[in-house]
Amino acid sequence: QLIYEETHVVVCLCLMIGTVMGYLGTHVLRRGVVFIDISLAQFAAIGGILAEHVFSDNGHSHGHSHENGPLAYFCSFSAVILIAVFYSVVRKYKKNISLEAIIGVTYAIGFATAVFTISVCGSQELHAERFAGDLNAIMGFGSIIPCIMAFGAVTICAILFHKPLTHISNNYDLKKESISVIFWDILFYTMMGVAISYAIVHIGVVMVFVYLVVPAVTASLFTDKLLFQMPIIVLTVAVASVIGLSVPYIAYDSWKLELSTGPHIGLMLGLILIVAALVKVVTGHIILSKR
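Counting in our numbering, the sequence shown runs from 3 upward without gaps.
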């Protein structure tokens, strides 16, 4: 049922995830690795699937006991850490193949692995929720405390290490040789991995990607200074999330239709991006210079 008992919790969760992912998205755009997010999310989902089946009794999960438990988070996080280290190291040694191509290949392999695992283990509907998200499963503030703690840790790291991370993102093609750059790359991808591992439980792989890219692209239409980008990102996320979450309520109250929330939030973000692009064209807004 799409009539949430804790509406304010769902709204706050979307605002938190959207804002943090939007910040990470500004770095992703600067680095030119847009699809890194959906690849990390794919492997995080695979980790969760393994936790549900491979490490459960007799290879079968019992209901939802493992779906959002510590083992699921640990496996998701471990899978993300491994792929984050791989991306960070391979960037230093890649020559004729772009990092985006490598990301695309690993995503395809990850997707095939996920489909194979699902087909072998069964429970397709349960895993479809993992990839699509399940905001309906949120039952009160207590159900999102792990996600809040994870995103709080990511936010603290973003504040403490803002300068080196931004410096590397702004000079990504030139910063390949130093071992310290590999360290900062691993840290950045780990931050993304932590956020993704917890976010996909509630909003799914696709919405994680949408929250990462669309608000950041919308903000970049008007400025490339992070100080000015963040208010635009927050506003974009807030408007899209509130309206997107309201559509299922209206549909249920008026026509008793039970609709998913994720697609409506994604649709609203897309519409906001289109409107922002039109405003940019019509007004001829001058992009602020990069710091």
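Note that the Cβ used here is the ideal one computed from N, Cα and C, for glycine as well.
Integer Cβ distance of Ile184 from Thr119, believed to fall under 8 angstroms:
30 angstroms between Cβ atoms; not a contact.
Please report the straight-line C-alpha distance between Ser80 and Pro265, rounded to a whole angstrom. Roughly 29 angstroms between the two C-alpha positions.
Under 8 angstroms: do the region 213-222 and the region 236-244 share three or more Cβ pairs, one atom per stretch? Below 8 angstroms, enough C-beta pairs join the region 213-222 and the region 236-244 to call them touching: three or more.
ask   = What separation, rounded to the nearest whole angstrom, lies between the Cα atoms of Ala74 and Asp39?
value = Near 19 angstroms, if we compare the C-alpha coordinates of Asp39 and Ala74.
Quiz prompt | Burial state of Leu42, where buried means 16 or more other Cβ atoms lie within 10 Å | solution = It is buried - the Cβ of Leu42 has at least 16 other Cβ atoms within 10 Å.
Report the partner residues of Thr285 according to the DSSP bridge assignment.
Partner residues in a beta bridge of Thr285, as assigned by DSSP, do not exist.
Worksheet item: Is the Cβ-Cβ distance between Ser90 and Ala46 less than 8 angstroms?
Response: No. Outside cutoff.
Q) Which residues in the same chain as Val92 place their Cβ atom closer than 7 angstroms to its Cβ, once the five residues preceding and following it in sequence are excluded? A) Excluding five sequence positions before and after Val92, the CB atoms of its chain that fall closer than 7 angstroms to its own CB belong to Ile104, given in chain order.
Is it the case that the region 186-199 contacts the region 221-233, given that we only count it when at least three CB pairs across the two stretches are under 8 angstroms?
At 8 angstroms Cβ cutoff, the stretches do not touch.
Margin query: Assuming Gly24 is part of the alpha helix (DSSP H), what are its boundary residues?
Written below: In this chain, the alpha helix (DSSP H) harbouring Gly24 covers 9-33.
- request: In the DSSP assignment, find the alpha helix (DSSP H) that holds Gly154 and state where it starts and stops.
  value: 147-162 is the span of the alpha helix (DSSP H), which, as asked, contains Gly154.
For Ile83 and Tyr200, I'd like the C-alpha separation in whole angstroms.
Going by the C-alpha atoms only, they are around 14 angstroms apart.
Check: With 16 as the cutoff for other CB atoms within 10 Å, does Val284 come out buried or exposed?
Finding: The residue is exposed, with fewer than 16 neighbouring Cβ atoms inside 10 Å.
inquiry  = Out of Pro233, Ser222, Leu31, Ile245, which one is the CA nearest neighbour of Leu275?
reply    = Minimum Cα distance to Leu275 is reached at Ser222.
Margin query: Alpha carbons only, please: which of Ser171, Ala197, Asn172 is nearest the one belonging to Ile158?
Written below: The candidate whose alpha carbon is nearest that of Ile158 is Ala197.
Smallest Cα separation from Leu17: which of Ser171, His204, Glu102, Val249? The option with the nearest alpha carbon to Leu17 is His204.
Local Cβ density within 10 Å of Ile294, reported as buried at 16 or more and exposed below that: Within the shown structure, residues of the chain are numbered from 3 to 293, placing residue 294 beyond reach of any answer.
- According to DSSP, residues forming a beta bridge with Thr192: The partner list for Thr192 (beta bridge, DSSP) is empty, contrary to what the question assumes.
Quick test of your reading: Leu26 and Met151, contact by CB under 8 angstroms. State the CB separation rounded to the nearest angstrom. Leu26 to Met151, Cβ: 17 angstroms. No contact.
Margin query: Am I right that Ile202 and Val210 are in contact with their C-beta atoms under 8 angstroms? What's the rounded C-beta distance?
Written below: Indeed, because the Cβ distance is near 6 angstroms, the residues count as touching under 8 angstroms.
### Task
Could you tell me if Leu273 is buried or exposed, where buried requires 16 or more neighbouring beta carbons within 10 angstroms of its beta carbon?
It is exposed - the Cβ of Leu273 has fewer than 16 other Cβ atoms within 10 Å.
Let me check understanding here. Comparing Cα to Cα, which of Ile85, Ile99, Ser121 lies closest to Tyr109? Closest by alpha carbon: Ile85.
- Task: Within 10 angstroms of the Cβ of Leu280, are there 16 or more other Cβ atoms? Answer buried if so, exposed if not.
- Result: Under the 10 Å beta carbon count, Leu280 is surrounded by fewer than 16 other beta carbons and is classified as exposed.
Determine the DSSP secondary structure at Asn172, reduced to helix, strand or coil. Helix.
Exercise for review: Return no unless some Cβ of chain B is closer than 8 angstroms to the Cβ of Met232.
Suggested key: The structure shown contains no chain B, having only a single protein chain.
Q: Quick one: grab the DSSP three-state call for Val36.
A: Per DSSP, reduced to three states, the secondary structure at Val36 is coil, with no helix or strand assignment.
**Report entry** Nonlocal neighbours in the same chain, by C-beta distance under 7 angstroms from Ser243, ignoring five residues either side
**Finding:** Here Ser243 has Val13, Cys16, Leu17, Gly20, Ile267 as same chain residues with Cβ atoms under 7 angstroms from its own Cβ, once five neighbours each way along the sequence are excluded.
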